[in-house]
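**Q**
Below, the structure is given as structure tokens:
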């Protein structure tokens with residue numbers, strides 16, 4: 515697996531602050547921009563907080579008002595956070611279009627100091643808006659309400675820092691690699707789509723009202739923010755940025771050439787398994803870890819059975835109720851779709867989808883064992899699991915490698931070529947994995 519350095523570059527705070535102040539002056543140089551930021555900080559929190567207080571005064575119900583107050587806090591924090599995406603996307607490619615980037619890069623500042631200064635400027639503006647809005651909202655909403663969830667609000671505040679840092683780091687990476695502002699705006703969908711899923715998960719956790727879940731969520735977002743920040747530090751090179759051409763011709767021809775190069779001279783299947791043994795061991799560990807987590811979740815009722823039972827029932831229904839051939843085809847199609855879906859998500863999730871390919875079946879197995887017994891649960895995956903689980907381990911390991919390759923950025927470039935080569939390994943391995951899934955489906959129908 516690609517090695518990722520853990521040491522951070524040395525920075526002089528004075529020089530980082532110099533770049534940050536320069537960008538802050540640009541960000542607040544227009545009166546209309548200042549009015550928009552003040553509006554985000556004041557108008558929205560005042561409106562949302564007034565709505566919650568009105569519901570409390572006119573008999574909305576204590577439980578409903580309490581839950582709504584938490585949702586309002588999430589809403590107030592999220593909207594200003596989205597402003598960080600615009601500033602971060604503009605950080606490098608915007609200066610390039612304004613022809614001021616060459617002046618900045620010609621200074622004796624180190625790459626890491628320039629990068630850290632721009633990150634600090636965007637974070638300063640975004641977090642000021644987020645926490646300013648949250649403070650205004652809390653003063654309006656919770657004063658005299660008799661309800662102030664300190665633990666949840668603290669967890670929300672920490673997760674907000676990590677979310678904004680992740681969004682900013684990802685957007686700055688896009689700004690480094692985009693040739694025009696228009697291209698950067700299009701590529702921003704690679705941040706918006708995953709973050710929309712993250713925000714939905716956070717909203718669901720807030721509705722649950724369990725602070726410990728929010729703290730775990732904040733920890734995951736912290737890891738993501740560190741990974742993305744590290745990617746940006748590794749991939750930033752002023753020479754590469756200045757040498758990047760704008761509007762290169764024949765993009766389709768260049769894309770086809772890159773794909774062909776990715777598939778050229780790839781190792782054989784057995785050689786590939788040996789080369790990727792470490793990510794495959796990580797994927798293999800996902801199954802027992804998931805089984806243990808599922809058993810603990812089921813036996814302690816940390817996850818209600820009513821939540822998991824529909825998932826187990828849907829998997830049973832996916833097998834179909836027709837003849838043996840139709841059932842085998844349904845099982846095969848379901849497993850193949852899972853293998854293809856996690857491959858599509860491998861880059862966006864930085865390989866997490868590959869780990870989930872083994873963790874989720876293990877979790878369902880452990881949860882089923884908690885509801886019945888390990889004997890009954892293990893009987894349900896024999897003998898098809900003897901083929902299906904190794905196939906999932908191989909596929910998960912190759913996708914973890916894709917994620918590790920996507921994390922590893924080099925100032926010399928070549929990111930696309932490395933990612934395409936990792937994806938090519940997975941696609942070539944499907945020649946062996948797809949027949950294995952077919953064999954597993956046959957075993958499940960005729961011998962299961």
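Numbering (the numbering used here), first residue to last: 515 to 962.
Glycine included, each C-beta is placed from N, C-alpha and C at the ideal position.
1. Excluding the 5 residues flanking residue 885 on each side, which residues of the same chain have their C-beta closer than 7 Å to its C-beta?
2. Looking at residue 943 and residue 776, is the spacing between their C-beta atoms short of 8 Å?
3. Please state whether the Cβ-Cβ distance between residue 542 and residue 549 is less than 8 Å.
4. Give the DSSP-derived three-state secondary structure of residue 515 in the structure shown.
5. Please go through the same chain and pick out, in chain order, the residues whose beta-carbon is closer than 7 Å to the beta-carbon of residue 647, but skip the five residues on each side of it.
6. Where does residue 923 sit, in a helix, a strand or coil, going by DSSP?
7. Under three-state DSSP, which class holds residue 897?
8. Among the residues of its own chain, which have a CB less than 6 Å from the CB of residue 793, if the five just before and after it don't count?
9. To test your reading of the DSSP string, which unbroken alpha helix (DSSP H) runs of 4 or more residues are found completely within the segment 527-590?
10. What would DSSP say about residue 645, mapped onto helix, strand or coil?
11. Measuring straight from C-alpha to C-alpha, what distance separates residue 847 and residue 905?
12. Terminal residues of the continuous alpha helix (DSSP H) containing residue 791?
13. Whose CA, out of 786, 773, 795, 880, lies closest to the CA of residue 817?
14. Please return the same chain residues whose Cβ sits closer than 6 Å to the Cβ of residue 727, not counting the five positions on each side in sequence.
15. Restricting to Cα atoms, I'd like to know which of 861, 626, 673, 872 is closest to residue 849.
16. Is it the case that the segment 523-539 contacts the segment 614-628, given that we only count it when at least three CB pairs across the two stretches are under 8 Å?
17. How about residue 745 and residue 680: do their beta carbons lie closer than 8 Å?
18. Under the assumption that residue 702 contacts residue 603 (Cβ atoms under 8 Å), give the Cβ distance between them as a whole number of angstroms.
19. What does the alpha-carbon distance come out to for the pair residue 564 and residue 578?
20. Assuming residue 675 is part of the alpha helix (DSSP H), what are its boundary residues?
21. State the DSSP-derived secondary structure class of residue 861, mapped to helix, strand or coil.
22. What is the residue span of the alpha helix (DSSP H) that residue 714 lies within?
23. Just how far apart, CA to CA, sit residue 582 and residue 566?
24. Hey, residue 640 and residue 682: beta-carbon distance below 8 Å or not?
25. Give the DSSP-derived three-state secondary structure of residue 594 in the structure shown.
**A** According to the structure data:
1. Around residue 885: 812, 819.
2. no
3. no
4. Summary for residue 515: the model assigns pLDDT 45, below 50, so the residue's position carries little reliability, and this model does not support an answer.
5. 554, 555, 558, 559, 590, 591, 594
6. coil
7. coil
8. 515, 911, 914, 915
9. 527-541, 545-571
10. helix
11. 15 Å
12. 791-813
13. Scanning 786, 773, 795, 880 for the CA closest to the CA of residue 817 turns up 880.
14. 719
15. Of 861, 626, 673, 872, the residue nearest in Cα terms is 872.
16. Touching, per the Cβ criterion.
17. Residue 745 places its beta carbon 8 Å or farther from that of residue 680.
18. 6 Å
19. Those two C-alpha atoms are separated by around 15 Å.
20. Its alpha helix (DSSP H) spans residues 664-691.
21. coil
22. 703-722
23. 7 Å
24. yes
25. The three-state secondary structure of residue 594, taken from DSSP, is helix.
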